[in-house]
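Remarks on the structure that follows.
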Amino acid sequence: MSGGVMGRWLRRGIPALVMALAAPRAGDAQQGGALAVDAASAGSETEAYLRALQVAGRAPAYPWSARAFSQREAARLLPDSAHPWAARQGADGARRAGIRLLGPGVRMVYNSAFPHGFNDGPAWSGRGMNAELRAGIAAHVGPLSLRIEPVAFWAENRAFALLDNGETGDLAFAHGLDPRSIDLPQRFGPRAYTRVDPGESTVRLDVGGVAAGVSTAAEQWGPAVDHPLVLGTNAGGVPRVFLGTAAPVNVGVGRLHGRMMWGSLAQSGYSWTTGPGSRRFATGAVAVFTPRGADHLELGVSRFFHLPWPEGGVGIDEFLKLLDPLEKADADSTGTGPDGRTDVANQLASAFVRWVLPAAGVEAYAEFARDDHSWDVLDLTLEPDHASGYTLGLRKVWSRGTRLVSLRGEVMSTQPGHLAEVRGEFPFYVHARTPQGHTLRGQVLGSAYGYGGGAGTLALDVYGPRGRWGLAWTRGRVADRADYWRTGVPDARSTEVVHSLGLDGALFAGGVQLTAALTATADLNRNFAEDAYNLGLRLGVRAGP
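Right under this line is the structure:
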(Lines of atoms letter the chains of each structure in order from A; the text may use other names.)
(Lines give C-alpha, C1' and ligand atoms only; values in the text may rest on other atoms or scores of the structure.)
Protein backbone atom coordinates (compact mmCIF):
# COMPACT_ATOMS: atom_id res chain seq x y z
CA MET A 1 0.00 0.00 0.00
CA SER A 2 1.56 3.31 -1.04
CA GLY A 3 1.68 6.43 1.10
CA GLY A 4 -0.81 8.17 -1.25
CA VAL A 5 -3.33 5.35 -1.05
CA MET A 6 -2.89 5.21 2.69
CA GLY A 7 -3.46 8.94 2.95
CA ARG A 8 -6.73 8.72 0.99
CA TRP A 9 -7.83 5.80 3.17
CA LEU A 10 -7.15 7.86 6.28
CA ARG A 11 -9.02 10.92 5.00
CA ARG A 12 -12.09 8.95 3.99
CA GLY A 13 -12.14 5.83 6.14
CA ILE A 14 -11.32 7.03 9.64
CA PRO A 15 -14.03 9.75 9.86
CA ALA A 16 -16.63 7.25 8.59
CA LEU A 17 -15.48 4.63 11.07
CA VAL A 18 -15.60 7.06 13.98
CA MET A 19 -19.11 8.22 13.05
CA ALA A 20 -20.32 4.63 12.74
CA LEU A 21 -18.87 3.54 16.05
CA ALA A 22 -20.04 6.65 17.87
CA ALA A 23 -23.64 6.37 16.73
CA PRO A 24 -25.98 6.06 19.76
CA ARG A 25 -27.11 2.56 20.62
CA ALA A 26 -29.36 1.13 23.27
CA GLY A 27 -27.49 0.51 26.49
CA ASP A 28 -24.58 2.84 25.69
CA ALA A 29 -24.91 4.56 29.07
CA GLN A 30 -23.49 1.51 30.82
CA GLN A 31 -21.30 0.16 28.02
CA GLY A 32 -18.13 1.21 26.23
CA GLY A 33 -15.92 -1.32 27.89
CA ALA A 34 -13.65 1.10 29.74
CA LEU A 35 -13.75 -1.26 32.73
CA ALA A 36 -14.60 -4.48 30.94
CA VAL A 37 -12.46 -7.24 32.45
CA ASP A 38 -11.83 -8.55 28.94
CA ALA A 39 -9.87 -5.34 28.27
CA ALA A 40 -7.56 -5.57 31.29
CA SER A 41 -4.54 -6.80 29.33
CA ALA A 42 -1.00 -6.08 30.51
CA GLY A 43 -0.17 -2.43 29.95
CA SER A 44 -3.72 -1.50 28.95
CA GLU A 45 -5.64 1.64 29.84
CA THR A 46 -7.97 -0.41 32.06
CA GLU A 47 -5.13 -2.08 33.95
CA ALA A 48 -3.38 1.25 34.57
CA TYR A 49 -6.60 2.72 35.96
CA LEU A 50 -7.19 -0.24 38.29
CA ARG A 51 -3.65 0.14 39.63
CA ALA A 52 -4.21 3.84 40.39
CA LEU A 53 -7.45 2.90 42.18
CA GLN A 54 -5.61 0.32 44.27
CA VAL A 55 -2.96 2.83 45.34
CA ALA A 56 -5.75 5.25 46.27
CA GLY A 57 -7.40 2.58 48.45
CA ARG A 58 -10.44 2.21 46.19
CA ALA A 59 -9.63 -1.27 44.83
CA PRO A 60 -8.81 -4.38 46.88
CA ALA A 61 -5.29 -5.53 47.68
CA TYR A 62 -3.96 -7.93 45.05
CA PRO A 63 -0.43 -8.71 43.81
CA TRP A 64 0.47 -6.70 40.71
CA SER A 65 3.82 -8.27 39.88
CA ALA A 66 2.58 -11.31 37.90
CA ARG A 67 0.28 -10.23 35.13
CA ALA A 68 -1.62 -10.11 32.75
CA PHE A 69 -4.66 -10.79 34.90
CA SER A 70 -7.17 -13.44 33.97
CA GLN A 71 -10.78 -12.38 33.47
CA ARG A 72 -11.62 -13.62 36.98
CA GLU A 73 -8.67 -11.79 38.54
CA ALA A 74 -9.59 -8.52 36.84
CA ALA A 75 -13.18 -8.94 38.03
CA ARG A 76 -11.91 -9.09 41.64
CA LEU A 77 -10.22 -5.72 41.15
CA LEU A 78 -13.35 -3.92 39.98
CA PRO A 79 -14.28 -1.52 42.80
CA ASP A 80 -17.66 -1.62 44.51
CA SER A 81 -17.53 2.00 45.72
CA ALA A 82 -17.81 5.20 43.73
CA HIS A 83 -14.87 6.08 41.49
CA PRO A 84 -14.29 8.31 38.45
CA TRP A 85 -15.22 5.67 35.86
CA ALA A 86 -18.13 4.15 37.80
CA ALA A 87 -20.61 5.10 35.07
CA ARG A 88 -18.59 3.03 32.59
CA GLN A 89 -18.68 -0.12 34.69
CA GLY A 90 -21.17 -2.54 33.19
CA ALA A 91 -22.23 -5.95 34.40
CA ASP A 92 -19.47 -8.41 35.18
CA GLY A 93 -19.29 -10.68 32.16
CA ALA A 94 -16.45 -12.76 33.64
CA ARG A 95 -18.91 -14.52 35.97
CA ARG A 96 -21.49 -15.38 33.29
CA ALA A 97 -21.19 -18.15 30.73
CA GLY A 98 -21.38 -17.12 27.10
CA ILE A 99 -19.53 -15.44 24.28
CA ARG A 100 -18.87 -11.70 24.14
CA LEU A 101 -17.58 -9.71 21.20
CA LEU A 102 -14.56 -7.53 21.85
CA GLY A 103 -15.18 -4.25 20.10
CA PRO A 104 -12.97 -3.58 17.07
CA GLY A 105 -10.20 -1.05 17.51
CA VAL A 106 -8.08 1.01 15.13
CA ARG A 107 -4.92 2.92 15.96
CA MET A 108 -2.93 5.19 13.67
CA VAL A 109 0.62 6.33 14.44
CA TYR A 110 2.66 8.89 12.51
CA ASN A 111 6.39 9.54 13.03
CA SER A 112 7.84 12.48 11.14
CA ALA A 113 11.59 11.72 11.13
CA PHE A 114 12.48 8.27 12.54
CA PRO A 115 10.86 5.24 14.26
CA HIS A 116 9.68 5.90 17.79
CA GLY A 117 7.53 4.06 20.30
CA PHE A 118 7.82 1.39 22.98
CA ASN A 119 5.58 -0.96 24.95
CA ASP A 120 3.34 -1.21 21.88
CA GLY A 121 3.22 -4.99 21.71
CA PRO A 122 3.95 -6.78 18.42
CA ALA A 123 3.36 -3.65 16.31
CA TRP A 124 6.39 -1.60 15.22
CA SER A 125 6.05 2.13 14.59
CA GLY A 126 8.41 3.15 11.80
CA ARG A 127 8.92 6.48 10.10
CA GLY A 128 5.79 7.67 8.31
CA MET A 129 2.30 6.28 8.75
CA ASN A 130 1.52 3.14 10.77
CA ALA A 131 -1.85 1.42 11.20
CA GLU A 132 -3.07 -1.24 13.62
CA LEU A 133 -6.38 -3.12 13.69
CA ARG A 134 -7.61 -5.51 16.37
CA ALA A 135 -10.87 -7.28 17.22
CA GLY A 136 -11.95 -10.53 18.81
CA ILE A 137 -14.16 -12.50 21.15
CA ALA A 138 -14.08 -13.56 24.79
CA ALA A 139 -15.91 -16.50 26.32
CA HIS A 140 -16.36 -18.18 29.68
CA VAL A 141 -17.92 -21.59 30.31
CA GLY A 142 -17.39 -23.14 33.73
CA PRO A 143 -13.64 -23.43 34.41
CA LEU A 144 -12.75 -22.70 30.78
CA SER A 145 -12.16 -19.16 29.54
CA LEU A 146 -10.79 -17.84 26.31
CA ARG A 147 -9.93 -14.59 24.62
CA ILE A 148 -9.07 -14.51 20.93
CA GLU A 149 -7.90 -11.07 19.83
CA PRO A 150 -5.43 -11.00 16.93
CA VAL A 151 -3.81 -7.79 15.74
CA ALA A 152 -2.83 -6.80 12.20
CA PHE A 153 -0.46 -3.90 11.61
CA TRP A 154 1.08 -2.08 8.67
CA ALA A 155 4.07 0.25 8.74
CA GLU A 156 4.80 2.53 5.81
CA ASN A 157 8.45 2.24 6.89
CA ARG A 158 9.80 5.28 5.07
CA ALA A 159 13.57 5.60 4.70
CA PHE A 160 15.78 7.45 7.19
CA ALA A 161 19.52 7.59 7.85
CA LEU A 162 20.92 4.38 9.35
CA LEU A 163 24.07 3.84 11.38
CA ASP A 164 26.55 1.99 9.16
CA ASN A 165 27.11 -1.39 10.81
CA GLY A 166 29.54 -2.71 8.20
CA GLU A 167 27.09 -5.32 6.92
CA THR A 168 25.54 -5.74 3.47
CA GLY A 169 22.19 -6.94 2.16
CA ASP A 170 19.44 -7.41 4.71
CA LEU A 171 21.94 -7.23 7.56
CA ALA A 172 22.56 -3.57 6.72
CA PHE A 173 19.19 -2.93 8.42
CA ALA A 174 20.29 -4.76 11.58
CA HIS A 175 21.46 -3.08 14.77
CA GLY A 176 24.02 -0.35 14.20
CA LEU A 177 26.57 -1.39 16.85
CA ASP A 178 26.01 -5.12 17.46
CA PRO A 179 24.32 -6.63 14.39
CA ARG A 180 25.65 -10.10 15.31
CA SER A 181 24.93 -9.91 19.04
CA ILE A 182 21.32 -8.71 19.27
CA ASP A 183 18.34 -8.95 16.95
CA LEU A 184 17.26 -5.33 17.16
CA PRO A 185 16.88 -3.94 13.60
CA GLN A 186 17.18 -0.22 12.95
CA ARG A 187 14.62 -0.63 10.17
CA PHE A 188 12.52 -3.62 9.09
CA GLY A 189 13.70 -3.68 5.48
CA PRO A 190 13.38 -1.23 2.59
CA ARG A 191 9.63 -1.59 2.04
CA ALA A 192 6.37 -1.51 3.99
CA TYR A 193 6.31 -3.91 6.94
CA THR A 194 3.08 -5.86 7.47
CA ARG A 195 2.24 -8.70 9.83
CA VAL A 196 -0.72 -10.43 11.50
CA ASP A 197 -0.04 -11.56 15.07
CA PRO A 198 -2.23 -13.71 17.39
CA GLY A 199 -2.04 -10.77 19.81
CA GLU A 200 -3.93 -10.91 23.13
CA SER A 201 -5.14 -14.50 22.73
CA THR A 202 -5.40 -17.02 25.56
CA VAL A 203 -7.19 -20.31 26.25
CA ARG A 204 -7.18 -21.01 30.00
CA LEU A 205 -8.50 -23.67 32.36
CA ASP A 206 -8.93 -22.92 36.09
CA VAL A 207 -9.46 -26.00 38.29
CA GLY A 208 -8.92 -26.31 42.04
CA GLY A 209 -6.82 -23.16 42.33
CA VAL A 210 -4.56 -24.20 39.43
CA ALA A 211 -4.49 -22.40 36.06
CA ALA A 212 -3.14 -23.89 32.83
CA GLY A 213 -3.40 -22.97 29.19
CA VAL A 214 -1.84 -21.64 26.02
CA SER A 215 -1.33 -17.99 25.24
CA THR A 216 0.25 -15.36 23.01
CA ALA A 217 -0.86 -12.45 25.23
CA ALA A 218 1.67 -10.01 26.64
CA GLU A 219 2.90 -10.59 30.19
CA GLN A 220 4.66 -8.25 32.59
CA TRP A 221 6.70 -9.57 35.50
CA GLY A 222 7.74 -7.43 38.43
CA PRO A 223 6.30 -4.15 39.73
CA ALA A 224 7.59 -1.73 37.05
CA VAL A 225 5.17 0.30 34.94
CA ASP A 226 7.26 1.38 31.93
CA HIS A 227 10.66 -0.30 32.28
CA PRO A 228 10.43 -3.95 33.45
CA LEU A 229 13.77 -5.72 33.45
CA VAL A 230 12.83 -9.31 32.58
CA LEU A 231 9.48 -9.45 30.79
CA GLY A 232 7.11 -6.70 29.64
CA THR A 233 4.79 -5.59 26.85
CA ASN A 234 7.35 -4.04 24.49
CA ALA A 235 7.46 -6.99 22.06
CA GLY A 236 4.06 -8.53 22.72
CA GLY A 237 3.58 -11.99 24.17
CA VAL A 238 5.71 -15.12 23.87
CA PRO A 239 3.77 -18.03 22.28
CA ARG A 240 3.71 -20.44 25.20
CA VAL A 241 2.00 -22.97 27.43
CA PHE A 242 1.73 -22.04 31.10
CA LEU A 243 0.94 -23.50 34.50
CA GLY A 244 0.43 -21.65 37.77
CA THR A 245 -1.93 -20.56 40.50
CA ALA A 246 -5.35 -19.25 39.54
CA ALA A 247 -5.19 -16.79 42.47
CA PRO A 248 -2.91 -16.27 45.48
CA VAL A 249 -2.76 -19.46 47.58
CA ASN A 250 -2.75 -19.39 51.39
CA VAL A 251 0.48 -21.00 52.64
CA GLY A 252 0.03 -20.15 56.33
CA VAL A 253 2.60 -17.36 56.67
CA GLY A 254 1.10 -15.52 53.72
CA ARG A 255 -0.13 -15.98 50.18
CA LEU A 256 1.83 -17.22 47.16
CA HIS A 257 1.01 -16.52 43.53
CA GLY A 258 2.90 -17.29 40.34
CA ARG A 259 3.26 -19.14 37.07
CA MET A 260 5.68 -21.04 34.87
CA MET A 261 5.85 -20.95 31.09
CA TRP A 262 7.48 -22.81 28.18
CA GLY A 263 7.45 -21.19 24.76
CA SER A 264 9.02 -20.40 21.41
CA LEU A 265 10.95 -17.26 20.44
CA ALA A 266 11.23 -16.20 16.79
CA GLN A 267 13.79 -13.82 15.33
CA SER A 268 13.23 -11.05 12.78
CA GLY A 269 14.22 -11.31 9.12
CA TYR A 270 17.31 -9.21 9.87
CA SER A 271 19.13 -11.49 12.27
CA TRP A 272 22.62 -12.82 11.57
CA THR A 273 21.64 -16.35 12.66
CA THR A 274 20.37 -18.84 10.07
CA GLY A 275 19.46 -22.51 10.26
CA PRO A 276 19.71 -24.22 13.67
CA GLY A 277 19.66 -21.63 16.40
CA SER A 278 17.41 -19.19 14.55
CA ARG A 279 14.50 -20.46 16.66
CA ARG A 280 14.82 -20.44 20.44
CA PHE A 281 13.18 -22.24 23.32
CA ALA A 282 12.10 -20.09 26.26
CA THR A 283 11.14 -21.03 29.78
CA GLY A 284 10.55 -18.86 32.81
CA ALA A 285 8.77 -18.45 36.11
CA VAL A 286 7.61 -15.65 38.38
CA ALA A 287 6.52 -15.95 42.02
CA VAL A 288 5.00 -13.30 44.31
CA PHE A 289 4.65 -13.67 48.08
CA THR A 290 2.38 -11.52 50.25
CA PRO A 291 3.19 -11.91 53.98
CA ARG A 292 0.34 -12.58 56.39
CA GLY A 293 -0.93 -9.34 57.89
CA ALA A 294 0.71 -7.23 55.14
CA ASP A 295 -1.76 -7.53 52.29
CA HIS A 296 -0.26 -4.60 50.38
CA LEU A 297 3.34 -5.84 50.44
CA GLU A 298 4.67 -7.92 47.52
CA LEU A 299 7.98 -9.81 47.55
CA GLY A 300 8.94 -11.71 44.45
CA VAL A 301 11.46 -13.35 42.16
CA SER A 302 11.57 -14.25 38.48
CA ARG A 303 13.81 -16.34 36.26
CA PHE A 304 13.89 -16.60 32.47
CA PHE A 305 15.97 -18.76 30.10
CA HIS A 306 16.28 -18.80 26.35
CA LEU A 307 18.41 -21.20 24.31
CA PRO A 308 18.61 -22.52 20.75
CA TRP A 309 15.72 -24.85 19.95
CA PRO A 310 17.06 -28.41 20.27
CA GLU A 311 17.43 -30.08 16.86
CA GLY A 312 15.88 -33.26 18.25
CA GLY A 313 12.99 -31.38 19.85
CA VAL A 314 12.36 -30.20 23.39
CA GLY A 315 13.16 -32.84 26.00
CA ILE A 316 13.05 -33.20 29.75
CA ASP A 317 16.30 -31.23 30.20
CA GLU A 318 14.83 -28.17 28.50
CA PHE A 319 11.49 -28.58 30.25
CA LEU A 320 13.23 -28.61 33.65
CA LYS A 321 15.76 -25.87 32.82
CA LEU A 322 14.23 -23.68 35.54
CA LEU A 323 15.65 -26.08 38.12
CA ASP A 324 19.26 -25.41 37.09
CA PRO A 325 21.53 -24.29 39.97
CA LEU A 326 21.62 -20.59 40.69
CA GLU A 327 25.41 -20.69 41.12
CA LYS A 328 27.53 -21.50 38.10
CA ALA A 329 29.97 -23.47 40.25
CA ASP A 330 27.19 -26.00 40.89
CA ALA A 331 26.22 -26.35 37.22
CA ASP A 332 27.05 -29.45 35.20
CA SER A 333 30.32 -29.40 33.31
CA THR A 334 29.95 -28.58 29.61
CA GLY A 335 33.63 -28.58 28.67
CA THR A 336 33.12 -25.20 27.00
CA GLY A 337 34.63 -21.86 27.90
CA PRO A 338 37.45 -20.99 30.33
CA ASP A 339 35.46 -22.31 33.30
CA GLY A 340 34.26 -25.48 31.56
CA ARG A 341 30.65 -24.59 32.35
CA THR A 342 29.70 -22.12 29.63
CA ASP A 343 26.11 -22.80 28.58
CA VAL A 344 24.32 -22.00 25.32
CA ALA A 345 21.36 -20.83 27.43
CA ASN A 346 21.06 -17.25 28.64
CA GLN A 347 19.55 -16.63 32.06
CA LEU A 348 17.93 -13.51 33.43
CA ALA A 349 16.84 -13.45 37.07
CA SER A 350 15.37 -10.75 39.27
CA ALA A 351 14.14 -10.02 42.79
CA PHE A 352 11.59 -7.30 43.49
CA VAL A 353 9.42 -5.64 46.11
CA ARG A 354 6.28 -3.49 45.93
CA TRP A 355 4.61 -1.80 48.90
CA VAL A 356 1.32 0.07 48.71
CA LEU A 357 0.14 2.42 51.48
CA PRO A 358 -3.49 3.02 50.49
CA ALA A 359 -4.22 5.30 53.46
CA ALA A 360 -1.51 7.66 52.15
CA GLY A 361 -2.18 6.99 48.45
CA VAL A 362 1.44 5.94 47.90
CA GLU A 363 3.21 3.00 46.30
CA ALA A 364 6.96 2.32 46.11
CA TYR A 365 8.71 -0.50 44.31
CA ALA A 366 12.13 -1.77 43.30
CA GLU A 367 13.58 -4.55 41.15
CA PHE A 368 17.13 -5.86 40.80
CA ALA A 369 18.10 -8.17 37.94
CA ARG A 370 21.13 -10.09 36.70
CA ASP A 371 21.79 -11.12 33.11
CA ASP A 372 24.34 -13.77 34.05
CA HIS A 373 25.08 -16.41 36.68
CA SER A 374 27.29 -15.60 39.62
CA TRP A 375 30.04 -18.17 40.13
CA ASP A 376 29.11 -18.60 43.79
CA VAL A 377 27.78 -16.69 46.80
CA LEU A 378 31.14 -14.99 47.34
CA ASP A 379 31.14 -13.74 43.74
CA LEU A 380 27.61 -12.40 44.17
CA THR A 381 28.40 -10.56 47.39
CA LEU A 382 31.69 -9.13 46.11
CA GLU A 383 30.47 -7.98 42.70
CA PRO A 384 26.65 -7.94 42.61
CA ASP A 385 26.71 -5.19 39.96
CA HIS A 386 28.22 -7.46 37.29
CA ALA A 387 25.80 -7.64 34.31
CA SER A 388 23.07 -6.17 36.49
CA GLY A 389 20.25 -3.64 36.34
CA TYR A 390 17.72 -2.07 38.65
CA THR A 391 14.39 -0.26 38.51
CA LEU A 392 13.03 2.08 41.19
CA GLY A 393 9.54 3.58 41.23
CA LEU A 394 7.35 5.84 43.35
CA ARG A 395 3.74 6.99 42.91
CA LYS A 396 1.38 9.30 44.78
CA VAL A 397 -2.37 9.33 44.09
CA TRP A 398 -4.79 12.03 45.25
CA SER A 399 -8.57 11.76 45.29
CA ARG A 400 -10.25 15.01 44.29
CA GLY A 401 -14.04 14.51 44.29
CA THR A 402 -14.89 12.81 41.00
CA ARG A 403 -11.24 12.93 39.91
CA LEU A 404 -8.16 10.89 40.60
CA VAL A 405 -4.70 12.41 40.17
CA SER A 406 -1.66 10.16 39.81
CA LEU A 407 1.95 11.39 39.83
CA ARG A 408 4.63 8.78 39.36
CA GLY A 409 8.33 8.48 38.61
CA GLU A 410 10.38 5.50 37.51
CA VAL A 411 14.09 5.10 36.82
CA MET A 412 15.86 2.09 35.33
CA SER A 413 19.58 1.51 34.83
CA THR A 414 21.48 -1.32 33.14
CA GLN A 415 24.60 0.68 32.35
CA PRO A 416 27.92 -1.11 33.00
CA GLY A 417 30.00 0.46 35.76
CA HIS A 418 33.71 0.64 36.40
CA LEU A 419 33.74 -3.09 37.13
CA ALA A 420 34.13 -3.47 33.35
CA GLU A 421 37.73 -2.23 33.74
CA VAL A 422 38.75 -5.54 35.33
CA ARG A 423 36.01 -7.99 34.35
CA GLY A 424 34.49 -8.55 30.92
CA GLU A 425 30.83 -7.69 30.63
CA PHE A 426 28.32 -7.82 27.79
CA PRO A 427 25.58 -5.19 27.50
CA PHE A 428 22.35 -6.13 29.26
CA TYR A 429 20.16 -8.52 27.19
CA VAL A 430 23.20 -9.80 25.22
CA HIS A 431 24.72 -13.29 25.53
CA ALA A 432 27.71 -14.72 23.69
CA ARG A 433 25.95 -17.96 22.70
CA THR A 434 22.50 -16.53 21.91
CA PRO A 435 23.07 -13.93 19.16
CA GLN A 436 19.46 -12.72 19.11
CA GLY A 437 19.72 -11.41 22.66
CA HIS A 438 16.64 -11.05 24.86
CA THR A 439 14.27 -10.34 21.96
CA LEU A 440 11.21 -11.55 20.08
CA ARG A 441 10.86 -10.80 16.34
CA GLY A 442 13.35 -7.94 16.58
CA GLN A 443 11.99 -6.23 19.70
CA VAL A 444 13.28 -6.41 23.29
CA LEU A 445 11.24 -8.59 25.65
CA GLY A 446 11.98 -6.42 28.70
CA SER A 447 12.54 -2.67 28.78
CA ALA A 448 12.96 -1.04 25.37
CA TYR A 449 15.91 0.90 26.82
CA GLY A 450 17.45 -1.97 28.79
CA TYR A 451 20.01 -2.72 26.08
CA GLY A 452 20.98 0.93 25.75
CA GLY A 453 21.74 1.37 29.42
CA GLY A 454 18.80 2.99 31.18
CA ALA A 455 15.72 5.17 31.18
CA GLY A 456 13.55 7.34 33.38
CA THR A 457 9.91 8.42 33.27
CA LEU A 458 7.97 11.13 35.08
CA ALA A 459 4.22 11.04 34.42
CA LEU A 460 1.09 12.86 35.58
CA ASP A 461 -2.36 11.35 34.91
CA VAL A 462 -5.75 12.83 35.76
CA TYR A 463 -8.80 10.52 35.69
CA GLY A 464 -12.32 11.92 35.46
CA PRO A 465 -15.80 10.70 34.51
CA ARG A 466 -15.16 11.36 30.81
CA GLY A 467 -11.75 9.65 30.64
CA ARG A 468 -8.13 10.55 31.30
CA TRP A 469 -5.46 12.98 30.22
CA GLY A 470 -1.77 12.69 30.95
CA LEU A 471 1.59 14.36 30.54
CA ALA A 472 4.79 12.28 30.48
CA TRP A 473 8.50 12.86 30.03
CA THR A 474 10.83 9.96 29.23
CA ARG A 475 14.61 9.91 28.92
CA GLY A 476 16.14 6.83 27.35
CA ARG A 477 19.75 5.84 26.73
CA VAL A 478 19.62 4.25 23.27
CA ALA A 479 23.24 3.31 22.60
CA ASP A 480 26.69 3.84 24.07
CA ARG A 481 30.13 3.34 22.63
CA ALA A 482 31.89 5.30 25.34
CA ASP A 483 35.01 3.84 26.87
CA TYR A 484 35.95 6.75 29.10
CA TRP A 485 36.82 4.67 32.17
CA ARG A 486 39.49 2.83 30.13
CA THR A 487 40.85 5.63 27.92
CA GLY A 488 40.24 8.72 30.06
CA VAL A 489 39.41 10.56 26.83
CA PRO A 490 35.98 12.27 26.85
CA ASP A 491 33.86 12.11 23.69
CA ALA A 492 30.73 14.23 23.55
CA ARG A 493 29.34 12.10 20.69
CA SER A 494 29.83 8.69 22.31
CA THR A 495 26.35 8.31 23.82
CA GLU A 496 22.93 8.55 22.16
CA VAL A 497 20.07 9.70 24.40
CA VAL A 498 16.41 10.28 23.58
CA HIS A 499 14.17 12.77 25.41
CA SER A 500 10.41 12.59 24.77
CA LEU A 501 7.66 14.85 26.07
CA GLY A 502 4.12 13.70 25.36
CA LEU A 503 0.55 14.75 26.02
CA ASP A 504 -2.02 11.98 25.73
CA GLY A 505 -5.54 11.11 26.76
CA ALA A 506 -8.54 8.83 26.52
CA LEU A 507 -12.10 10.10 25.99
CA PHE A 508 -15.34 8.16 26.38
CA ALA A 509 -17.99 9.09 23.83
CA GLY A 510 -21.10 6.92 23.98
CA GLY A 511 -20.00 3.37 23.35
CA VAL A 512 -16.58 4.38 22.03
CA GLN A 513 -13.20 5.04 23.61
CA LEU A 514 -11.10 7.60 21.74
CA THR A 515 -7.38 7.95 22.41
CA ALA A 516 -4.86 10.51 21.21
CA ALA A 517 -1.23 11.39 21.91
CA LEU A 518 1.18 14.05 20.68
CA THR A 519 4.86 13.43 21.44
CA ALA A 520 7.89 15.60 20.69
CA THR A 521 11.18 13.71 20.70
CA ALA A 522 14.77 14.95 20.67
CA ASP A 523 17.33 12.28 19.76
CA LEU A 524 20.65 13.68 20.95
CA ASN A 525 23.74 12.42 19.11
CA ARG A 526 21.61 10.26 16.84
CA ASN A 527 23.91 7.68 15.23
CA PHE A 528 26.67 9.35 17.29
CA ALA A 529 26.47 12.40 15.05
CA GLU A 530 23.99 15.26 14.80
CA ASP A 531 20.84 15.70 16.89
CA ALA A 532 17.52 14.76 15.28
CA TYR A 533 13.92 15.60 16.12
CA ASN A 534 10.67 13.72 15.65
CA LEU A 535 7.01 14.60 16.07
CA GLY A 536 4.73 11.68 16.77
CA LEU A 537 0.93 11.61 16.56
CA ARG A 538 -1.28 8.74 17.71
CA LEU A 539 -5.02 8.45 17.20
CA GLY A 540 -7.15 5.50 18.22
CA VAL A 541 -10.79 4.49 18.42
CA ARG A 542 -12.33 1.40 19.95
CA ALA A 543 -15.92 0.30 20.33
CA GLY A 544 -17.27 -1.18 23.52
CA PRO A 545 -18.13 -4.87 23.87
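Start counting the sequence shown at 1; every next residue gets the next number (the numbering used here). For every residue, glycine included, the Cβ atom is placed at its ideal position computed from N, Cα and C.
Measuring CA to CA, which of 356, 343 and 285 is closest to residue 323?
285
For residue 395, count the other beta carbons within 10 Å of its own beta carbon; 16 or more makes it buried, fewer makes it exposed. Which is it? buried
Quick one, are the C-beta atoms of residue 522 and residue 296 less than 8 Å apart?
no
To the nearest angstrom, how far is the alpha carbon of residue 506 from that of residue 383? 45 Å
Open item on the list: According to DSSP, simplified to helix, strand and coil, what is residue 324?
Closed with: coil
### Task
Note the first and the last residue of the continuous beta strand (DSSP E) segment covering residue 292.
Looking at the DSSP string, residue 292 is not in any beta strand (DSSP E), and its letter there is neither H nor E.
Check whether the Cβ atoms of residue 494 and residue 480 lie closer than 8 Å to each other. yes
CA-CA distance, residue 438 and residue 428? 9 Å
**Prompt:** What number of angstroms, rounded off, separates the C-alpha of residue 432 from the C-alpha of residue 236?
**Reply:** 24 Å
Coarse secondary structure for residue 28, derived from DSSP in three states
With a pLDDT of only 32 at residue 28, under the threshold of 50, the placement of this residue in the model should not be trusted, and no figure is reported.
With a threshold of 8 Å, are at least 3 pairs of Cβ atoms found where one atom belongs to the stretch 217-232 and the other to the stretch 160-169? no
Let's test the definition: count the other Cβ atoms within 10 Å of the Cβ of residue 49 and tell me whether it reaches 16, buried, or not, exposed. buried
Exercise for review: Report yes or no: do three or more beta-carbon pairs, one from the stretch 50-70 and one from the stretch 100-120, lie closer than 8 Å?
Suggested key: no
- Task: With DSSP collapsed to three states, give me the class of residue 316.
- Result: helix
CA-to-CA distance, residue 441 to residue 174, given in whole angstroms = 12 Å
field: Start-to-end residues for the beta strand (DSSP E) that takes in residue 197
entry: 193-197
Item to check | Three-pair Cβ contact test at 8 Å for the stretch 189-202 versus the stretch 118-129 | outcome: yes
Assign residue 465 to buried or exposed, taking buried as 16 or more other Cβ atoms, counted over all protein chains shown, within 10 Å of its Cβ. exposed
- [ ] Using three-state DSSP, classify residue 22 as helix, strand or coil.
- [x] Note that residue 22 has pLDDT 36, beneath the 50 cutoff, so the model's placement of it is unreliable and no number is given.
ask   = Given a threshold of 16 other Cβ atoms within 10 Å of its Cβ, counted over all protein chains shown, does residue 533 qualify as buried or as exposed?
value = exposed
Checklist entry - Would the stretch 256-270 and the stretch 78-87 be scored as touching if the rule is three or more Cβ pairs under 8 Å? => result no
Leaving out the 5 sequence neighbours to the left and right, which residues in its chain are closer than 6 Å to residue 41 when beta-carbon positions are compared?
68 and 200
Notebook entry, point to check: How would you call residue 157, buried or exposed, if buried means at least 16 neighbouring beta carbons within 10 angstroms?
Noted result: buried
- Message: Buried or exposed for residue 371, going by 16 or more other Cβ atoms inside 10 Å?
- Response: buried
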